[in-house]
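Enquirer: Numbering (this note's numbering), first residue to last: 25 to 369.
Before I ask anything, here is the structure I am working with.
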């Protein structure tokens, strides 16, 4: 049947020639990465109850550096209230099921050995950007996160928004945290490097402004602000490497939680299977054609420096190209033997 009105095509929508209908059906949308707000890592906040802009934040009160010595004193004060992780279920809208590939690539070939199985896990959506600036939030609980070594904290902003962040060591349920340029220098708060005093311990450091934290995210790790100049802040990482970061990058205050992770005692072999780790065979227990350490009438020595089944050194072998420029790296990390010698590791 012939249509009385001409049919036109506008960006995937059919219209019958009615004026204004095409503009109402087709709304031009752009990716969020082109927004000025997201580029500046700022989210507009409006009071949930009144609908008006939020009142200006309170002035900064805690100005001194949060050093490792201060954290140790704070730990002694919190000894009477040990941290208890939440035993309930995770919030479904803040997590998703973890897809496991058992160490295989897109062709089905094993690229990482000794991986596979394990219990079903859910990945928590952790806010590494701390995008909601100048919005106070309350810590509801501290939770275990199966896909990372440190604990995560469930926080609720004043407008009711829930979010996960990395939990510092001295953070407890009921504490107040905020991401702001004028925030107090206390554990859990997020500030730009230009506002963090020299000597403070930090974690979740951005490598590029607005990209989200990429450094110091494992359990028990922290970095120390050594110095600060006009454009960069010099930070000593937990690997003893010293490098510079732009002052516009953000970081969180404090050392990360779950220090006792390495003290966990696995009572049976099945615990590793629960964690998705399959059995491994020692190299000196194999045949000489299966492993460079194999063969011989005794298994007391490895016949050569520790290496992989393909003959690549696996203990202390430098993989970074010496021709690659250091860039913002001031000093490379110390070798493992020197770290043990000076009790760093």
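Glycine is no exception: its CB is placed at the ideal position from the N, C-alpha and C atoms.
The model shown is predicted, which means the values in this text are computed figures rather than measured ones.
Count the other C-beta atoms from every protein chain shown that fall within 10 angstroms of the C-beta of residue 351, then say buried if there are 16 or more, exposed otherwise.
Expert: exposed
Enquirer: Since I believe residue 200 is in contact with residue 162 (beta carbons under 8 Å), could you give me their beta-carbon distance rounded to a whole number of angstroms?
Expert: 6 Å
Enquirer: For the putative contact between residue 240 and residue 214, defined by C-beta atoms under 8 Å, what is the C-beta separation to the nearest angstrom?
Expert: So it is not a contact: roughly 13 Å between Cβ atoms.
Enquirer: Alpha carbon to alpha carbon, what distance is there between residue 295 and residue 198?
Expert: Residue 198 and residue 295 have their C-alpha atoms roughly 33 Å apart.
Enquirer: Considering only the alpha carbon of each residue, which of 194, 244, 110 lies closest to residue 287?
Expert: 244
Enquirer: Kindly list the residues whose CB is nearer than 8 Å to the CB of residue 304, restricted to its own chain and excluding five residues on each side of it in sequence; keep chain order.
Expert: Excluding positions up to five away in sequence, the list reads 137, 138.
Enquirer: If we count the other Cβ atoms within 10 Å of its Cβ and call it buried at 16 or more, is residue 279 buried or exposed?
Expert: buried
Enquirer: Less than 8 Å between the CB atoms is what I'm expecting for residue 231 and residue 257, so what's the real figure, rounded?
Expert: Residue 257 and residue 231 do not touch by the CB rule: their CB atoms are close to 12 Å apart, not below 8 Å.
Enquirer: Just tell me which of 124, 346, 155 has its CA closest to the CA of residue 301.
Expert: 124
Enquirer: Helix, strand or coil for residue 163? Go by DSSP, reduced to three states.
Expert: Shown here, residue 163 sits in a strand according to DSSP, grouped into three states.
Enquirer: Determine whether the beta carbon atoms of residue 145 and residue 122 lie at a separation below 7 Å.
Expert: yes
Enquirer: Quick check on the DSSP output: what are the complete beta strand (DSSP E) runs of length 3 or more inside the region 145-225, in order along the chain?
Expert: 146-148, 161-167, 176-181, 186-190, 214-216
Enquirer: Residue 124 by DSSP, collapsed to three states: which one?
Expert: coil
Enquirer: How would you write the range of the alpha helix (DSSP H) that residue 237 sits in, first residue to last?
Expert: It is not in any alpha helix (DSSP H) - residue 237 instead sits in the beta strand (DSSP E) that spans 237-239.
Enquirer: Does the beta-carbon of residue 167 have 16 or more other beta-carbons within 10 angstroms, so that it is buried, or is it exposed?
Expert: buried
Enquirer: Check the C-beta distance from residue 277 over to residue 209 and give it rounded, since I have them as a contact under 8 Å.
Expert: 6 Å
Enquirer: Given this structure, state the Cα-to-Cα distance separating residue 354 from residue 190, to the nearest angstrom.
Expert: 27 Å
Enquirer: Have a look at the DSSP bridge pairing and note the partners of residue 331.
Expert: 337
Enquirer: For residue 356, which residues from the same chain have a beta carbon less than 7 Å from its beta carbon, with the 5 sequence-adjacent residues on both sides left out?
Expert: 265
Enquirer: Write down the C-beta distance between residue 324 and residue 317 rounded to the nearest angstrom, noting that I regard them as a contact closer than 8 Å.
Expert: Going by Cβ atoms, the distance from residue 324 to residue 317 rounds to 11 Å, so no, they are not a contact pair.
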